[in-house]
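Residue numbers (our numbering): 5 to 443. Presented below is the structure to which this report refers.
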């Protein structure tokens, strides 16, 4: 840690509140319900730790998407200040490799670099500089660390600049896939100077350890989407009426038919996964007689469900299945999840949202890094976390039906587990805020 920062950190904030937090980034615009929930969930977590906190959020969206993202964030919390990303424009037309290494080896004057900000983004930079803490939101953006990868360099800029300017910063709820050189070197250089860095899973902590990141405040936290608590009950009631559904009488299924890295699964692997999903849906309909609602985290899955999944279902099963094809928001999704008997998800964030809804959930995950999460295992719900490429053909069906037959048992574990995770995360956030230099 820089000597100047060490000296100021010797006098801590203690219980003082009303800190100014600059949060980068709000992911996505208004398409993925998972991405949409992360920033409002983080805001909620910060305010649980410091109810008087002033929070400035920076979005990655631009143009009309920026306006939609801003309006949505303000609908979740009108007290927020919201800016478009001021850092990406600073990259300009510099060769990526040159900028990368100049930043990496600290040959760049960060104050001069920030002066190059376009006039319309200077207020955003001023807010960032004035904040008590620069907090990097839950992500796995540092997985994509490659020399010259300019599209990913922007994710490093807030942390690199805070490091060079000796400003307090922290990273919350990170996950990592395979990290190529100079990734480990950058992690060691920048992360060790942060006030804190927390991971979303044990694998993240192992990768930090391998990179020799040894921050005193390094812990395990759930994704901040777990703390998104808004609901839209009237919308959900109308939705159920429109689709002919009754509360506690349907299975909600969120498929995933692609992998981020390859964009498309190999045919055999996809067929094997879908056969297990179809077996689970078929068993649910035949044994319970209840309906199945297919929905999504990413909108592209609606078309994939129509083309790849529904044709595999027998006619008597298909007639019990419904497909949601419209746009929805996290608060609408949670309200629909809360009314479901159970949820079967092949995605990550819908598991967190379902936990907030208090509904039993099975997570059928793959080896893909972007889907890794061990939160269910940590809460004694390992039998609800299945690796779809490794399980027997009927294992997914067995797990989903178990949610139905022992509904109260799993709902109680979900409720208590979320309360535990929330209490731990709030305590850790309070500890982080207490480490800020006194004003």
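Backbone N, C-alpha and C fix where the C-beta goes; we use that ideal spot for every residue, glycine too.
Local conformation of residue i per DSSP, three classes
i           : result
residue 441 : strand
residue 80  : helix
residue 392 : coil
residue 183 : coil
residue 58  : strand
residue 254 : strand
residue 26  : strand
residue 90  : coil
residue 37  : helix
residue 429 : helix
residue 67  : helix
residue 140 : strand
residue 160 : helix
residue 234 : coil
residue 167 : helix
residue 145 : helix
residue 420 : helix
residue 130 : helix
residue 330 : coil
residue 324 : coil
Pair within 7 Å by beta-carbon distance, residue i and residue j
i           : j           : result
residue 198 : residue 215 : no
residue 142 : residue 228 : yes
residue 219 : residue 392 : no
residue 140 : residue 28  : yes
residue 339 : residue 235 : yes
residue 230 : residue 356 : yes
residue 341 : residue 368 : no
residue 378 : residue 206 : yes
residue 88  : residue 63  : yes
residue 296 : residue 255 : yes
residue 37  : residue 337 : yes
residue 138 : residue 115 : no
residue 306 : residue 329 : yes
residue 253 : residue 312 : no
residue 204 : residue 238 : no
Cβ-based burial, residue i [other Cβ within 10 Å; buried from 16]
i           : result
residue 177 : buried
residue 208 : buried
residue 371 : exposed
residue 363 : buried
residue 279 : exposed
residue 122 : exposed
residue 366 : buried
residue 349 : buried
residue 211 : buried
residue 310 : exposed
residue 182 : exposed
residue 248 : exposed
residue 128 : buried
residue 1   : Absent from the model: residue 1. The displayed extent of the chain is 5 to 443, so no value can be given.
Own chain, CB closer than 6 Å to residue i, minus 5 neighbours either side, in chain order
i           : result
residue 132 : 26
residue 24  : 58, 135, 136
residue 351 : 258, 260, 301
residue 232 : 41, 44, 45, 334
residue 74  : 86
residue 427 : none
residue 389 : 367, 380, 381
residue 22  : 56
residue 159 : 145
Proximal residues to residue i (C-beta, below 8 Å), its chain only, five neighbours per side dropped
i           : result
residue 411 : 345, 346, 364
residue 84  : 47, 59, 60, 61, 77, 78
residue 286 : 317, 318, 321, 401
residue 475 : Coverage of the chain is limited to positions 5 through 443, which leaves residue 475 absent and any answer about it impossible.
residue 424 : 383
residue 430 : 49, 52, 53
Cβ-based neighbour list, residue i, same chain, cut-off 7 Å, excluding 5 preceding and 5 following
i           : result
residue 283 : 397, 398, 400, 401
I'd like to know if the stretch 301-310 and the stretch 221-229 are in contact, where contact means that at least 3 CB-CB pairs between them fall below 8 Å. no
Any 3 or more C-beta pairs closer than 8 Å across the stretch 36-55 and the stretch 235-246: no
On the three-pair Cβ rule with 8 Å, is the stretch 314-321 touching the stretch 407-419? no
Can at least three beta-carbon pairs, one atom from the stretch 414-422 and one from the stretch 381-395, be found at a separation below 8 Å? yes
Would you check if there are 3 or more beta carbon pairs closer than 8 Å linking the stretch 421-436 to the stretch 387-399? no
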